[in-house]
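Just so you know, the protein sequences line up as chains S and Z, in that order.
Residue numbers for the first sequence, in our numbering: 1 to 381.
Residue numbers for the second sequence, in our numbering: 1001 to 1148.
For reference, the structure discussed in these notes is given below.
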Amino acid sequence: MDEALLRSLTPNVLTVLVRRGADFAAAEDAVQEALLEAVRVWPDDPPRDAKGWLVTVAWRKFLDQARADSARRRREDRLEEEPPPGPASAVDDTLQLYFLCAHPSLTPSSAVALTLRAVGGLTTRQIAQAYLVPEATMAQRISRAKRTVSGVRFEQPGDVATVLRVLYLVFNEGYSGDVDLAAEAIRLTRQLAAAIDHPEVAGLLALMLLHHARRAARTAPDGSLVPLAEQDRGRWDTAMIAEGVEILQAALARDRLGEFQAQAAVAALHADAPRAEETDWVQIVEWYDELVRLTDSPVARLNRAVAVGEADGPRAGLAALAELDAALPRHTAVAAHLHERDGDLTTAARLYAEAARKAPNLAERDHLTRQAARLNTLLRP
Amino acid sequence: MAKYLLLKHYRGAPAPVNDVPMDQWTPEEISAHVRYMNDFAARLEKSGEFVDSQALTPEGSWVQYGGEGRPPVTDGPFAETKDLIAGWMIIDVDSHERAVELAAELSAAPGAGGRPIHEWLEVRPFMNPHAGVTDFAEHCTSTAPAQE
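Here it is as structure tokens:
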């Protein structure tokens, strides 16, 4: 039973139904039912033409549902008699599906859920498990999302930037439960990159690959975070890094820089250093300058301060940090690090402990607490 | 997409505006209150923001490890415990503003005279178990020097 194949066919099958005149919400339900049936039936009776099978079953499910709805009977009968509209490119249709699922009228969490189901072919239960909410809640979130976009024409042009933001959110969620959301985000971004030639789509794909390549080295066996500088670089996935770098270089050659390409460039420079001490921090600062110029994001400025601290020394880093709002998330963590590098262990220990109290997640909190404990142990007479 | 705990206290929260104990309400007022709470939870389920809702008994005990081969040590309940949690609701929402908006709505549940209680609820963000996977997280925690 090839679940990957099944899932990769999902957007195609869905858009065939929509092209035949099914409304998006009903078609999406029908495809989901067909996927579930495939999971039941295929292990014993694999189809010769997987996509054909799914289209047939999904269309039948759609018609069954439409017939059951007496108010809609006449309209659907008419549909059945009509020849299907002329062939549209499957690639264009897939792109339209991404646009619809990331439509700006949706909240981020709704867009994420709808994308994972309608484009990714995940079941509601899998999505609910990944986001640690009850299945009923996720089912409601998805049907609400479908109602929200019910008035949007399928062919309406969309903005690729909104799609990228949704995929980035999925990627950054990592994994919990039995669904690897980071891997799923990569798959969906790869599929998007096949549907549209856009340097920022390539940039995001490169960024994801370059980060994913470090995943095995990023956590210790006990689950604690391993900082970049201490990671065992032998455990980085060199094939994935090579692919990420190649995709990034092709994108950068187009000379249409965007934030994801700039972030990927930073990740590529880290990947390129055989040892942490060989990291080209000067170039990294330059990329952060670009990122600040492109996004004016305080987070980019904060990361820039870290890079400046490495390129020009901790005092320069602290000076860059002093220009930023101290209320920024992780500001205190950066300050602690720079003070430690500057040799002021007492201040650094205090700031690490303070940063731990403000940490947005458990992994970072534990890491920062350990840093404070490490310095306090050194400082004890 | 963040989870928040909306915490309700038996004791320990500042006094609400409509501060009449529930046993002094009319039975109809109690029914109206319960209906409001159920409707609120049902609405959150519909909006895809509901995660969990639980109530706790007012009385519990304190338990402590008793040492090797010894039974647990129990104590209490203590009448002087200042902070006594009554129950909670867990929501999964898109923003902190939304969490505050929903907490305020929950605090508007009707009490004596059918008027909103204006109960103080504590809103606590959940900590995500894992860090995000981009450099933004990795950098800011990548701060320990390699030599220790």
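All C-beta atoms, glycine included, are put in the ideal place defined by N, C-alpha and C.
All figures in this text were calculated on a predicted structure; none of them were measured in a lab.
Exercise for review: Starting from the C-beta of residue 1147 of chain Z, find all residues in its chain whose C-beta is less than 7 Å away, skip the five residues before and the five after it, and write them out in chain order.
Suggested key: Note that residue 1147 of chain Z has pLDDT 26, beneath the 50 cutoff, so the model's placement of it is unreliable and the number below is only indicative. Result list for residue 1147 of chain Z: empty, nothing under 7 Å.
**Study point:** residue 1014 of chain Z versus residue 1047 of chain Z: straight-line alpha-carbon distance, rounded
**Key:** C-alpha separation (whole angstroms): 30 Å.
Practice item. Rank S:62, S:32, S:290 and S:119 by C-alpha distance to the C-alpha of residue 195 of chain S and give the top, closest one. Key: Closest by C-alpha distance to residue 195 of chain S, out of S:62, S:32, S:290 and S:119, is S:119.
Review point. Along the chain, which unbroken stretches of the alpha helix (DSSP H) at least 4 residues long are found entirely within the segment 180-247 of chain S?
Key: List check, alpha helix (DSSP H) in window: 181-195, 199-212 and 215-218.
Practice item. Please go through the same chain and pick out, in chain order, the residues whose beta-carbon is closer than 8 Å to the beta-carbon of residue 1009 of chain Z, but skip the five residues on each side of it. Key: Taken in chain order, the residues that qualify are 1083, 1084, 1085, 1086, 1120 and 1122.
Exercise for review: Return the Cβ separation of residue 324 of chain S and residue 331 of chain S in integer angstroms, given the expectation that the two are a contact with Cβ distance under 8 Å.
Suggested key: Yes, residue 324 of chain S and residue 331 of chain S are in contact; Cβ-Cβ is about 6 Å, under 8 Å.
Review point. Which chain S residues are close to residue 1123 of chain Z, counting only those with a beta carbon under 7 Å from its beta carbon?
Key: Residues of chain S passing the Cβ test: none, with the nearest at roughly 16 Å.
Exercise for review: Just the chain S side, please: which residues come within less than 8 Å of residue 1129 of chain Z by C-beta, in chain order?
Suggested key: Near residue 1129 of chain Z (Cβ distances below 8 Å), the residues of chain S are 176, 361, 362 and 363.
Review point. Whose C-beta lies closer than 6 Å to the C-beta of residue 126 of chain S among residues of the same chain, with five residues either side of it excluded?
Key: The beta carbon of residue 126 of chain S sits closer than 6 Å to the beta carbons of 179 from its chain, once the five residues preceding and following it are set aside; these are given in chain order.
Review point. Residue 1014 of chain Z by DSSP, collapsed to three states: which one?
Key: Coil, per DSSP.
Review point. Cβ of residue 1092 of chain Z less than 8 Å from any chain S Cβ?
Key: Closer than 8 Å: yes.
Review point. With a Cβ-Cβ cutoff of 8 Å, do residue 96 of chain S and residue 24 of chain S count as a contact?
Key: No. Outside cutoff.
Review point. Which residue's Cα is closest to the Cα of residue 256 of chain S: S:59, S:54 and S:199?
Key: Residue S:199 is the option with its Cα nearest to residue 256 of chain S.
Exercise for review: Quick one: which residues of the segment 96-120 of chain S get their C-beta closer than 8 Å to a C-beta of chain Z? List them in chain order.
Suggested key: Cβ contacts with chain Z: 107, 108, 109, 110, 112 and 113.
Check your understanding: Just reading off the alpha helix (DSSP H) that residue 1052 of chain Z is part of, what are its end residues?
Key -> For residue 1052 of chain Z, there is no enclosing alpha helix (DSSP H); the residue is part of the beta strand (DSSP E) that begins and ends at 1050-1055.
Review point. DSSP beta-bridge partners for residue 287 of chain S?
Key: Under DSSP, residue 287 of chain S takes part in no beta bridge, so it has no partner.
Check your understanding: Hey, does residue 326 of chain S have any beta-carbon neighbour from chain Z nearer than 8 Å?
Key -> Not one chain Z Cβ lies under 8 Å of residue 326 of chain S.
Point to revise | Contacts of residue 1078 of chain Z in chain S (Cβ-Cβ under 7 Å) | key: Contact annotation for residue 1078 of chain Z against chain S: no contact, minimum CB-CB distance about 28 Å [criterion: below 7 Å].
Check your understanding: For the segment 149-173 of chain S, which segments carrying the alpha helix (DSSP H) assignment without a break, of at least 4 residues, lie completely within its bounds, in sequence order?
Key -> Note on the segment 149-173 of chain S: whole alpha helix (DSSP H) runs with a minimum of 4 residues are 160-172, in chain order.
Review point. Do the CB positions of residue 19 of chain S and residue 93 of chain S come within less than 8 Å of each other?
Key: In contact: residue 19 of chain S and residue 93 of chain S (Cβ atoms closer than 8 Å).
Point to revise | Alpha carbon of residue 47 of chain S to alpha carbon of residue 264 of chain S, nearest angstrom | key: Cα to Cα, the separation comes out at about 41 Å.
Check your understanding: Of the residues Z:1063, Z:1027 and Z:1092, which one's Cα is nearest the Cα of residue 1113 of chain Z?
Key -> The residue with the shortest Cα to Cα distance from residue 1113 of chain Z is Z:1027.
Exercise for review: Look up residue 103 of chain S in the DSSP assignment and say whether it is helix, strand or coil.
Suggested key: Note: residue 103 of chain S maps to coil in three-state DSSP.
Review point. If we ignore side chains and look at the alpha-carbon of each, how far apart do residue 268 of chain S and residue 306 of chain S end up?
Key: Residue 268 of chain S and residue 306 of chain S have their C-alpha atoms some 17 Å from each other.
Exercise for review: Return the first residue and the last residue of the alpha helix (DSSP H) that residue 309 of chain S is part of.
Suggested key: Unbroken alpha helix (DSSP H) run through residue 309 of chain S: 298-312.
Review point. Run through DSSP, which three-state label would residue 1113 of chain Z get?
Key: Of the three classes helix, strand and coil, the one that applies to residue 1113 of chain Z here is helix, per DSSP.
Review point. Taking three-plus beta-carbon pairs below 8 Å as touching, is the segment 223-238 of chain S in contact with the segment 349-367 of chain S?
Key: Of all C-beta pairs linking the segment 223-238 of chain S to the segment 349-367 of chain S, three or more are shorter than 8 Å, placing the two stretches in contact.
**Study point:** alpha helix (DSSP H) runs wholly inside the segment 1053-1111 of chain Z, at least 4 long, in chain order
**Key:** Fully enclosed alpha helix (DSSP H) runs of 4 or longer: 1096-1107.
**Study point:** Contained beta strand (DSSP E) runs [length at least 3] in the segment 315-362 of chain S, N- to C-terminal order
**Key:** Taken in chain order, the complete beta strand (DSSP E) segments of 3 or more residues contained in the segment 315-362 of chain S number zero; there are none.
**Study point:** Which of helix, strand or coil DSSP assigns to residue 20 of chain S
**Key:** The answer is coil: DSSP assigns residue 20 of chain S none of H, G, I, E or B.
Check your understanding: Who are the Cβ neighbours of residue 116 of chain S in its own chain at under 6 Å, not counting the five residues just before and after it?
Key -> Excluding positions up to five away in sequence, the list reads 122 and 127.
Point to revise | Distance between residue 17 of chain S and residue 55 of chain S (C-alpha atoms, nearest Å) | key: The straight-line gap from Cα to Cα measures roughly 7 Å.
Review point. Using a Cβ-Cβ cut-off of 7 Å (strictly less than) and excluding sequence neighbours within five positions of residue 1137 of chain Z, which residues of its own chain qualify?
Key: Confidence at residue 1137 of chain Z is low in this model, with a pLDDT of 48, below 50, so the placement of that residue should be treated as unreliable; the coordinate-derived value is given next. Within the same chain, residue 1137 of chain Z has close Cβ partners 1131.
Check your understanding: Is residue 133 of chain S close to chain Z, meaning its C-beta is less than 8 Å from at least one C-beta of that chain?
Key -> Closer than 8 Å to some Cβ of chain Z, the Cβ of residue 133 of chain S qualifies, so yes.
**Study point:** N- and C-terminal bounds of the beta strand (DSSP E) containing residue 275 of chain S
**Key:** It is not in any beta strand (DSSP E) - residue 275 of chain S carries neither H nor E in the DSSP assignment.
Review point. Going along the chain, which residues of its own chain have a beta-carbon closer than 8 Å to the beta-carbon of residue 161 of chain S, five neighbours each way excluded?
Key: Setting aside the 5 residues that flank it on each side, residue 161 of chain S is surrounded in the same chain by 200, each with a C-beta closer than 8 Å to its C-beta; the list follows chain order.
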